[in-house]
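Since the structure comes first, as structure tokens, the remarks are kept for the end.
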Amino acid sequence: MANKRKLRKKEHLKYSMLQERKSKRNTFKDVTILHNCLSEVTFDDIDISTNLLSIKLKSPIIINAITGGMKEGKIVNRELSKIAKKLGLAMAVGSQRIALDDSSAVSSFKIVREVNPDGIIFANLGADATVEEAIKAIEMIEANALQIHLNVPQEIMMKEGRRSFAGTLANISEIIDNINVPVIVKEVGFGIAKEEAFALVESGVKIIDVSGTGGTNFIAIEDMRDKPKTFNNLVNWGIPTPISLIESVNAVDNRADIISSGGLKNGLDAAKSLALGAKAAAFAGYFLSILFKEGPSSLEKHILQIEQDIMYVMAMAGANNLDELRKRPVIIQGKLYNWLKSRGIMI
Ligand SMILES: Cc1cc2nc3c(=O)[nH]c(=O)nc-3n(C[C@H](O)[C@H](O)[C@H](O)COP(=O)(O)O)c2cc1C
248 MANKRKLRKK EHLKYSMLQE RKSKRNTFKD VTILHNCLSE VTFDDIDIST
298 NLLSIKLKSP IIINAITGGM KEGKIVNREL SKIAKKLGLA MAVGSQRIAL
348 DDSSAVSSFK IVREVNPDGI IFANLGADAT VEEAIKAIEM IEANALQIHL
398 NVPQEIMMKE GRRSFAGTLA NISEIIDNIN VPVIVKEVGF GIAKEEAFAL
448 VESGVKIIDV SGTGGTNFIA IEDMRDKPKT FNNLVNWGIP TPISLIESVN
498 AVDNRADIIS SGGLKNGLDA AKSLALGAKA AAFAGYFLSI LFKEGPSSLE
548 KHILQIEQDI MYVMAMAGAN NLDELRKRPV IIQGKLYNWL KSRGIMI
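Per my numbering: the sequence shown = residues 248 to 594.
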């Protein structure tokens, strides 16, 4: 069982690398932040700090949940946490389920806290976790928050995946009521609609990571793992990230902080996310692919460029800080516009 899980984790790393990361999947292309010809910012004073509830973040860029549990996962976690420490970024580990069942997997998660003793680190478990498991995962890495992931499409496409999801919302509430760090409820690449964002907030969730379509696609990954391929006709399932973001921001009406993730590839995608109301922008597949293909120092440069590009956009939009960027008008066109119209959402 534990060995099968380790193999699956390895396959997820491998197949996520084989996914197309082409611009045609960029769901942010229909979003434009309005230029401000009367910008009065002083570039060097631009402030990109943000917060998720009481957690203060120096940068809105988050390294999202990817891995852990096996040798390769430990190496990835070590390299990512070195970068998180150097650049002062929050970072999530991948699902710790494997380490709850197999103590030999614990060190691949603990490494993240060892490398970065004072950093902001998020634990990660599925929505079927018990309160005790949640507490163990948090203690394992002295986490500042717990990510609870929602991944029904992935589970049902996995031969070894879960088949029953009854009680998810009640279980999330139960965990929130019994742990002493904030909970971030996240998708894994299929998005969160306004109905579910509202239900989550009503159940006490105060941070939501929409993780929509446009990047890592676990139906496509499971299709690559499965032989012969069977899910090909379902690979376009899900909610594009900017739409999920707009739906969720509208639904929660300032009662929760929203994180944008799913297909983010550059500073412009992140800036558009922040202008649409996100408090932070999280990257998984894109960072992993740079780490694998170009190495850690290249990834570090890319992240600095992303932060720099967010500041360029803020300067051109006339925003001194992220609160001001959120107030700048954003234009929505094309498919995104039609989607929002059909859902009766005005921004
Ligand atoms: C190899 C890989 C493994 C992942 N494992 C997890 C996981 O264990 N828990 C989780 O919440 N999300 C996991 N994710 C999902 C990401 O955190 C993120 O929600 C999703 O990949 C969409 O973002 P992206 O398009 O930037 O990759 C994983 C992503 C990748 C690429």
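The C-beta atom is built at its ideal place from N, Cα and C for all residues, glycine as well.
- Here DSSP, grouped into helix, strand and coil, assigns N298 to strand.
- In the three-state DSSP reduction, L393 falls in the strand class (E or B).
- For S263 against G532, the beta-carbon gap comes to about 5 Å, under 8 Å, which counts as contact.
- For the pair L393 and V435, the CB atoms are not nearer than the 7 Å cut-off.
- When the five nearest sequence neighbours on each side are left out, the beta carbons in the same chain lying within less than 8 Å of the beta carbon of V482 are those of N464, I466, A467, D470, in order along the chain.
- A straight line joining the alpha-carbon of K582 with that of I422 spans about 37 Å.
- I431 and I345 have their alpha carbons spaced roughly 20 Å apart.
- Across the structure, Q401 and I358 are spaced so that their CA atoms are roughly 27 Å apart.
- Non-local beta-carbon contacts of T314 in its own chain, meaning distances under 7 Å to residues more than five positions away in sequence, involve K256, L260, G320, V323, N324, G341 in chain order.
- At a Cβ-Cβ threshold of 7 Å, Q343 and A312 do not count as neighbours.
- In the same chain as V378, and ignoring 5 residues on each side of it, the C-beta atoms closer than 8 Å to its own belong to E421, I422, N425, I426, in chain order.
- DSSP, read as helix, strand or coil, puts A527 in strand.
- With 6 Å as the limit, the residues whose C-beta approaches any heavy atom of ligand 1 more closely are H259, L260, S263, N311, A312, I313, T314, G341, S342, N371, Q394, H396, K433, V435, G436, S458, G462, T463, S508, G509, G510, L511, F530, A531, G532, Y533, L535, in sequence along the chain.
- The three-state reading of DSSP puts T415 in helix, counting H, G and I together.
- Inter-segment contact for the stretch 482 to 501 and the stretch 327 to 336 is absent: fewer than three beta-carbon pairs are separated by less than 8 Å.
- At a cut-off of 4 residues, the continuous stretches assigned as alpha helix (DSSP H) that sit fully inside the stretch 415 to 462 are 415 to 425, 441 to 449.
- Contact between the stretch 272 to 287 and the stretch 547 to 554 is not established, with fewer than three Cβ pairs separated by less than 8 Å.
- Closest in C-alpha terms to G514, from the list M561, M405, R410, comes M561.
- Under the 10 Å beta carbon count, S545 is surrounded by fewer than 16 other beta carbons and is classified as exposed.
- A Cβ-Cβ distance of about 7 Å is found for the pair I309 and M338, placing them in contact under the 8 Å criterion.
- Counting the other CB atoms within 10 Å of its CB gives D292 a total below 16, which places it among the exposed residues.
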